[in-house]
Amino acid sequence: MPKALPLWLYRRPDQRQLLQTPAQPVSFEAYSEPALTKLFEQMTVTMYKANGIGLAAPQIGHSLQLAVIAAEVTADHQPLILINPVINNASQETDVVEEGCLSIPEVYGLVARPIRVQVTYFDVRGQPHTVQAEQLHARVIQHEIDHLQGRLFIDRATSITKGKEKL
Ligand code: NI
């Protein structure tokens, strides 16, 4: 397995800029490229080493629309790999949960999000899929898709509950 990579951090101004930039869509030619699979392996290893439940490519310095969701939070208990994901349906019903982010360590805040979402995405072979997610699974997917749009949970948080001084 590849080695875990350093996480890009909000508190580093040079890294913050990329974290706040919308990521590039993965082009059709890039599907099935070994480099893409290797990048997902690196993202997965990096996520698990950091005890995260999701990771987006900008968090390891790649401005690409790729995210991984940990098996612990998916409905089928398999890691979910998302390429060019789009939320095409979200419930009116929301809930408020405390979130954190591997790129903003030791900071937590309350974020309201839809409880259920339907997301379309592509897999590493370029095949389209749709996933219905709810509760924590839905929340993590939304958090990661936000990363791909250059948005961080602190942009959405109604209050910072811990670590305000570390921002
Ligand atoms: Ni995050």
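In the numbering used here, the protein residues as written are 10 to 176.
Virtual Cβ for every residue (Gly too), placed ideally from N, Cα, C.
All values derive from a computational prediction rather than experimental measurement.
According to the DSSP assignment, histidine 152 belongs to the alpha helix (DSSP H) that extends over 144–157. Pairing alanine 66 with leucine 48 gives a Cβ-Cβ distance under 8 Å. With respect to the C-alpha of threonine 129, the residue from Val116, Ile96, Ile154, Glu108 having the closest C-alpha is Ile96. The C-alpha of leucine 161 lies about 26 Å from the C-alpha of histidine 86. DSSP places valine 116 outside both helix and strand once states are collapsed to three, so it counts as coil.
In the DSSP annotation of this structure, the continuous segment of the alpha helix (DSSP H) that includes leucine 28 starts and ends at 22–28.
Beta-bridge pairing by DSSP links lysine 171 to Tyr117.
Taking non-hydrogen atoms of the ligand NI into account, the C-beta of histidine 138 is found less than 7 Å away from none of them. Assigned with DSSP and collapsed to three states, proline 11 falls in coil, not helix or strand. Rounded to whole angstroms, the gap between the alpha carbons of valine 120 and threonine 46 is 32 Å. Ordered by chain, the residues meeting the criterion of a beta-carbon within less than 6 Å of a non-hydrogen atom of the ligand NI are Cys110, Leu111, Ser112, His152, His156. Counting C-beta pairs with one atom in each stretch, the region 11–20 and the region 50–67 have three or more that are closer than 8 Å, which means they touch. A residue is called buried when at least 16 other Cβ atoms come within 10 angstroms of its Cβ; glutamine 136 does not meet this threshold and is exposed.
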